[in-house]
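Step one of this worksheet: look at the structure below.
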Amino acid sequence: MAGIDEIVISKAIAEKYFEKLVDSLNSDVAIVGGGPSGLVAAYYLGLNGYKTTLFEKKLSLGGGIWGGGMMFNKVVVQKEATEILDEFNIAYEEYDENHFVADAVELAGGLIHRASRKAKIFNLVNVEDVMIRDGRITGLVINYTAVEMSNLHIDPITVSAKAVVDATGHDASVCNIVSRKTGELEMRGEKYMHAEAGEIGVIDNTSEVYPGLFVAGMTVAAVYGLPRMGPIFGGMLVSGKKVAELIASRI
Ligand code: 48H
């Protein structure tokens with residue numbers, strides 16, 4: 057343990073962080089939100105060679121996974137999503153032929169681990185606006201979450217991307233901004249609970265909703281007016297994989 061130097065530690069952190077930030081100013085894909093759909097999308101896009109950056113406003117990634125249902129930290133997925141759990145090496149057990157159970161902490165940790173190997177991840181960064189040129193999203197406007205929380209008047213910075221994914225869950229943050237500022241994206245609003253219809257709807261409607269802007273996960277329900285599904289996460293995982301495939305076919 058000899059030779060450790062506080063200033064070298066500080067320099068290493070600052071240098072490597074800003075190296076990552078500068079490198080991420082231009083990405084193929086920028087994902088907003090580090091919940092299940094965003095993490096799966098980040099993994100598959102990175103795996104397929106797309107330069108991918110993910111912004112998460114909170115300290116921890118994982119979104120709504122950690123608490124399972126009502127803080128019972130187990131999550132349910134359907135059979136169609138188990139191949140994604142296998143790909144991420146996440147354990148699960150069969151509850152019956154339609155329902156499989158995984159540990160919420162392992163699911164969150166496993167998704168974060170693999171996604172962070174394939175994409176550049178920034179936590180504590182809030183996406184507060186978009187850049188638009190000629191009717192197409194060309195990037196994001198970002199600021200530290202602490203700036204928003206402390207209500208300081210500090211201007212944001214910008215990053216560019218060929219495609220943006222709104223994976224911000226119930227908030228549908230990016231879509232709401234685009235809807236409000238362009239008037240060209242209708243937000244139908246998430247509906248009542250109907251797990252099966254919600255799951256199918258989210259997967260089927262994972263799509264490009266505005267030129268350059270794609271939706272995955274619960275944001276799909278907010279845009280398309282679909283039912284919610286409660287603590288079943290297979291649709292989120294499959295939607296994340298689908299958006300990655302969709303983007304790969306477009307850029
Ligand atoms: C940066 C942001 C911003 C922003 C939000 O909520 P999530 O887990 O999202 P999904 O869609 O991958 O998964 C949804 C699932 O967790 C869920 O809530 C389900 C299945 N509910 C069903 C039901 O019936 O209730 O993650 C979204 C992430 C969060 O970590 C946010 O902090 C983050 O996006 N986020 N990050 N900039 N402007 N807005």
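Note that our numbering has the sequence shown beginning at 57, numbered continuously upward. Don't be surprised by glycine CBs; every beta carbon is placed ideally from N, CA and C.
For residue 248, the number of other beta carbons within 10 angstroms of its own is below 16, and it is reported as exposed. Burial is judged here by how many other beta carbons sit within 10 angstroms of a residue's own beta carbon; residue 109 has at least 16 and is buried. Within the region 168-219, the runs of alpha helix (DSSP H) at least 4 residues long that lie entirely inside it are, in chain order, 201-206. Per DSSP, residue 100 is one residue of the alpha helix (DSSP H) stretching across 92-103. Listed as beta-bridge partners of residue 288 by DSSP are 132. Of the candidates 281, 220, 256 and 73, the residue whose Cα lies closest to the Cα of residue 302 is 220.
Ranking 185, 259 and 85 by CA distance to the CA of residue 273 puts 259 first. Looking at the backbone, the Cα of residue 285 and that of residue 139 are separated by about 20 Å. For the set 93, 196, 193 and 212, the Cα lying nearest the Cα of residue 202 is the one of 212. At least one heavy atom of the ligand 48H is found less than 6 Å from the C-beta of residue 286. Judged by DSSP in its simplified three-state form, residue 226 adopts helix.
Contact annotation: residue 304 and residue 145 have beta-carbon atoms that are not nearer than 7 Å.
At a cut-off of 6 Å, the beta-carbon of residue 176 does not count as near the ligand 48H: no heavy atom of the ligand is closer than that.
Linking residue 216 to residue 241 through their CA atoms gives a straight-line distance of about 21 Å. Between the beta-carbon of residue 119 and that of residue 225 there is about 6 Å, and that keeps the pair under the 8 Å contact cut. Within 10 angstroms of the beta-carbon of residue 222 lie 16 or more other beta-carbons, which makes it buried. If you check the C-beta of residue 224 against the ligand 48H, you find a heavy atom less than 6 Å away. Per DSSP, the unbroken beta strand (DSSP E) holding residue 84 starts and ends at 82-88. For residue 264, the three-state secondary structure derived from DSSP is strand.
Only buried fits residue 106, as 16 or more other CB atoms lie within 10 angstroms of its CB.
Here residue 58 carries a coil assignment [DSSP, helix/strand/coil].
Within the same chain, Cβ atoms closer than 6 Å to the Cβ of residue 183 are found at 88, 111, 196 and 198, the five residues on either side in sequence being excluded. Judged by DSSP in its simplified three-state form, residue 125 adopts strand. Contact annotation: the region 226-233 does not touch the region 93-102, with fewer than three C-beta pairs closer than 8 Å.
Residue 247 carries a strand assignment under DSSP once its states are collapsed to helix, strand and coil.
Inter-residue distance for residue 291 and residue 132 is about 10 Å (C-alpha atoms, whole angstroms).
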